[in-house]
Amino acid sequence: MRFALSAEHRDFATSLHAYLAGADTPGAARAWAHGRHEPGLKVLRGLAELGVPALLIDEAHGGLGAGPVDLVVAFEALGYHAVPGPLVETAAVAPAALTGAAAERWLPSLAAGEAFATVPVPLALDADIAAVVVGAEVVGQPELVRSIDPTRRLFRVDAPPLTGGRAFDLGVLAVAAQLLGAGRWLLDAAVAYAKQRSQYDRLIGEYQAIRHLLADVVTHLELARPLVHAAAVTASPQDISAAKVKAGDAAYLAARTALQVHGAIGYTAGHDLGLRLTKVRALAGAWGDSGFHRERVLAR
Amino acid sequence: MDLDIDAESVAFRDEVREWLAAHVPTLPSMDTAEGFAAHREWEAQLADARLSVVSWPREYGGRDASLLQWVLFEEEYYAARAPGRVSQNGIFMLGPTLFAHGTQEQRDRILPAMARGEQVWAQAWSEPEAGSDIAALRSSAVRTEGGWLLSGQKTWSSRAAFADRAFGLFRTDPGERRHRGLTYLMFDLRAEGVTVRPIPQLDGEPGFAEIFLDNVFVPDADVIGEPGQGWRVAMTTANNERGLSLRSPGRFLAAANRLVDLWRSAGEPAASRDRVADAWIGARAYQLYTFGTVSRLAEGGELGPESSVNKLFWSHLDLGLHDTALDILGPHAETDRAWVEGYLFSLAGPIYGGTDQIQRNTIAERLLGLPKEARR
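Respectively, the protein sequence lines represent chains A and B. The opening residue of the first sequence carries number 1 in our numbering; numbering runs sequentially from there. The opening residue of the second sequence carries number 1 in our numbering; numbering runs sequentially from there.
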């Protein structure tokens with residue numbers, strides 16, 4: 001047993017962080033929210049060069065043949081940097097959901113970052129730019145539905161929703177990792193702010209009321225991470241659901257705490273905090289809400 | 001990254017499981033005189049099977065088991081509902097301290113008797129004015145011919161009412177303040193000048209006690225580490241208490257599995273579904289977090305401020321888990337001995353080993369790098 005990330009995994013995470021930190025992901029996310037896709041697509045092409053959409057696609061279809069652990073490492077970084085777009089659908093779900101002729105037709109271009117997939121769960125993220133909708137014959141004319149998170153452009157599509165199975169579980173796993181990453185960014189931002197903002201002649205990070213909130217956040221995030229990693233290793237629905245619940249709760253605690261620590265500045269659209277705050281709330285309910293996943297945890 | 005357990009460890013786990021299935025007794029509470037005696041016998045039986053201190057070297061009664069094997073042992077131990085360890089303060093706190101800082105003579109003299117439950121140790125840590133702020137302690141040790149004379153008062157000392165010996169910190173240089181000038185000493189609870197006054201816990205049993213010391217002689221051989229360096233020595237003990245060893249994940253996972261069983265047998269009440277699921281998720285998270293720590297330590301890492309993360313997490317988990325069980329039991333909760341005992345023990349979690357508030361301060365400063373609180 002060696003329950004720790006390998007040097008290769010850590011290097012992969014480092015290169016993703018380095019790339020995304022310099023890619024103006026907040027600007028890309030804001031443009032994406034207004035339906036201006038080009039800056040976001042540029043970010044996604046860069047991620048394709050780093051191999052993200054190709055991870056779970058087998059080598060015969062132009063992929064890397066990597067595994068779920070690589071997937072969670074990638075999605076933690078994507079969540080940290082609030083990258084927009086249908087990457088859960090393209091990188092986590094499509095490689096398992098598309099088989100036979102559909103796999104032959106689509107997986108090579110998904111792996112190359114030339115095309116995207118989406119999945120109704122029950123709404124489909126970014127169906128307007130997706131070349132393939134899992135479970136549907138054609139994309140058709142999707143109807144846009146507004147999400148609490150403006151960067152999540154959701155569409156009603158004419159296809160049966162994905163509610164279970166290996167492909168669904170991989171999507172849930174990627175979302176759990178994304179939540180973990182978003183939570184970590186929210187914590188980092190709140191800690192950084194608490195170290196420089198003064199009130200009543202003291203840094204707010206000196207106040208026990210603030211310190212204790214942040215200590216609780218890091219505790220829950222630290223304990224959520226091994227669940228996400230283990231779910232990637234065991235692939236058991238019970239572990240995957242446990243990871244989704246715990247990562248969702250920890251990220252939500254991080255979001256609420258980060259907003260409280262920032263005060264009104266964090267409530268503005270101009271602050272990057274909002275890009276994670278609303279996404280965390282959206283993802284907590286998407287891909288099976290907490291009730292659904294707690295049921296799966298307790299299933300015999 | 002994998003969770004695969006090697007064949008040798010699987011064989012070890014199977015042996016432990018089989019042995020426990022055949023031997024686990026039901027004992028009275030260790031916080032009573034007869035229970036304490038019965039627990040000593042159980043520990044001797046464990047020692048005969050070389051299962052009392054599996055991670056220790058063979059020469060002291062252990063098996064040189066790896067950290068992973070120790071975790072597996074603990075999981076089996078709690079899953080089998082085996083009795084709590086009367087020697088736990090010694091085995092999990094003094095033992096590691098002696099391995100890190102003791103002399104060969106001290107190890108040879110102390111560890112084998114500890115492993116068999118023949119000599120049971122109490123932790124003389126807290127004082128009336130020094131709880132979480134342990135550096136505020138006042139008890140003193142004054143130099144005398146061939147040793148030291150201890151004076152002062154210790155309190156909340158678990159199992160001191162029935163234990164044989166105790167270990168703790170004493171101020172040996174009255175000119176120094178706080179963490180300086182402290183020395184780590186062991187003493188006999190039946191020595192001349194020692195008075196032990198039991199304190200009944202919430203359940204009425206004398207689980208802990210006050211210890212009054214009036215010029216109690218301790219030979220130089222019972223000083224651990226260098227005189228004046230007690231704080232550094234003690235940090236080994238404190239990290240062990242909060243961190244890996246005392247609160248093994250097995251305890252929580254076994255209890256969480258019992259909670260799920262209880263919930264099912266109660267007809268799966270919807271009102272407690274989420275709390276039951278969260279208790280299981282928390283216990284699983286704690287188990288996996290421990291596997292992560294074990295993997296890191298196996299590669300040469302050290303226990304750091306994550307022991308505070310550990311403590312903060314398990315104390316809440318334990319309390320929430322038992323609270324949920326009592327809520328499911330409803331009108332039967334107050335009379336269910338097993339769950340009530342677990343609940344009463346869990347109530348102490350956020351208090352001992354450094355309160356949860358102290359842990360949060362440690363996490364804030366040492367893990368998050370937040371500025372220190374302005375002191376008055």
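All C-beta atoms, glycine included, are put in the ideal place defined by N, C-alpha and C. Keep in mind the model is a prediction, meaning the values are calculated, not measured.
Taking the Cα positions, A/Val217 is about 8 Å away from A/Thr257. In the same chain as B/Ala325, and ignoring 5 residues on each side of it, the C-beta atoms closer than 7 Å to its own belong to Leu259, Leu262, Trp339, in chain order. If you draw a 10 Å sphere on the C-beta of B/Glu43, you find 16 or more other C-beta atoms in it, and that means buried. Proximity of A/Pro226 to chain B, defined by a Cβ-Cβ separation below 7 Å, is satisfied.
The stretch 213-228 of chain A makes no contact with the stretch 149-166 of chain A, as fewer than three CB pairs between them are under 8 Å. Contacts between B/Arg284 and chain A, judged by CB atoms closer than 7 Å, involve Leu227, Ala242 in chain order. As a beta-bridge residue in DSSP terms, B/Ile211 pairs with B/Lys154, B/Val196. Note that the C-beta distance between B/Phe217 and B/Gly152 is not below 7 Å. When only Cα atoms are considered, A/Leu273 and A/Ala33 end up about 15 Å apart.
Listed along chain A, the residues sitting closer than 7 Å to B/Glu373 by beta-carbon distance are Glu206, Gln208.
Two segments are said to touch when three or more pairs of C-beta atoms, one from each, lie closer than 8 Å; by this definition the stretch 220-231 of chain B touches the stretch 101-121 of chain B. Within chain A, the C-beta atoms nearer than 7 Å to that of B/Phe313 come from Thr219, Leu223, in chain order. When DSSP reads this structure, B/Ala130 sits in a beta bridge with B/Glu127.
A distance of 7 Å or more separates the beta carbons of A/Val73 and A/Trp106. Secondary structure at B/Phe73: helix, using DSSP grouped into helix, strand and coil. Against A/Leu203, the close residues of chain B are Pro371, in the order they occur along the chain (beta-carbon pairs closer than 7 Å). Within the stretch 269-297 of chain B, Arg273, Asp274, Val276, Ala277, Asp278, Trp280, Ile281, Gly282, Arg284, Ala285, Tyr286, Leu288, Tyr289, Phe291, Gly292, Val294, Ser295, Arg296 place their CB atoms closer than 8 Å to a CB of chain A, listed in sequence order.
At least 7 Å separates the beta-carbon of A/Ala174 from that of A/Lys244. Counting along the chain, the unbroken beta strand (DSSP E) around B/Tyr184 starts and ends at 182-188. Cα atoms of A/Leu203 and B/Arg85: separation of roughly 46 Å, rounded to the nearest angstrom. Among the residues facing chain A, B/Ala364 is included, as its CB has a counterpart in that chain under 7 Å away. By the rule that beta-carbons nearer than 7 Å mark a contact, B/Asp2 touches chain A. Runs of alpha helix (DSSP H) with 4 or more residues, each lying fully within the stretch 32-56 of chain A, are found at 38-49, listed in chain order. For the pair A/Thr278 and A/Ile148, the CB atoms are nearer than the 7 Å cut-off. In the assembly as shown, A/Ala215 is a buried residue. Its beta-carbon has 16 or more other beta-carbons within 10 Å.
The Cβ of B/Leu68 sits closer than 7 Å to at least one Cβ of chain A.
Within the stretch 336-374 of chain B, no complete beta strand (DSSP E) segment of 3 residues or longer occurs. Rounded to the nearest angstrom, the Cβ distance from A/Val83 to A/Val43 is 6 Å, consistent with a contact under 8 Å. Identification of chain A residues near B/Val260 by a Cβ-Cβ cut-off of 7 Å yields Leu298, ordered along the chain. Under the criterion of beta carbons closer than 8 Å, A/His17 and A/Ala77 qualify as touching, at roughly 6 Å.
Distance from the CA atom of B/Gly300 to the CA atom of A/Gly63, rounded to whole angstroms, is 36 Å.
A distance of 7 Å or more separates the beta carbons of B/Arg17 and B/Glu75.
In this structure, B/Val196 places its C-beta atom within 7 Å of the C-beta atom of B/Ala160.
DSSP, reduced to helix, strand and coil, places A/Gly266 within a helical segment of the structure shown. Identification of chain A residues near B/Ile134 by a Cβ-Cβ cut-off of 9 Å yields none; the smallest Cβ-Cβ distance measures about 19 Å. The CB of B/Val54 never comes closer than 8 Å to any CB in chain A; the least such distance is about 17 Å.
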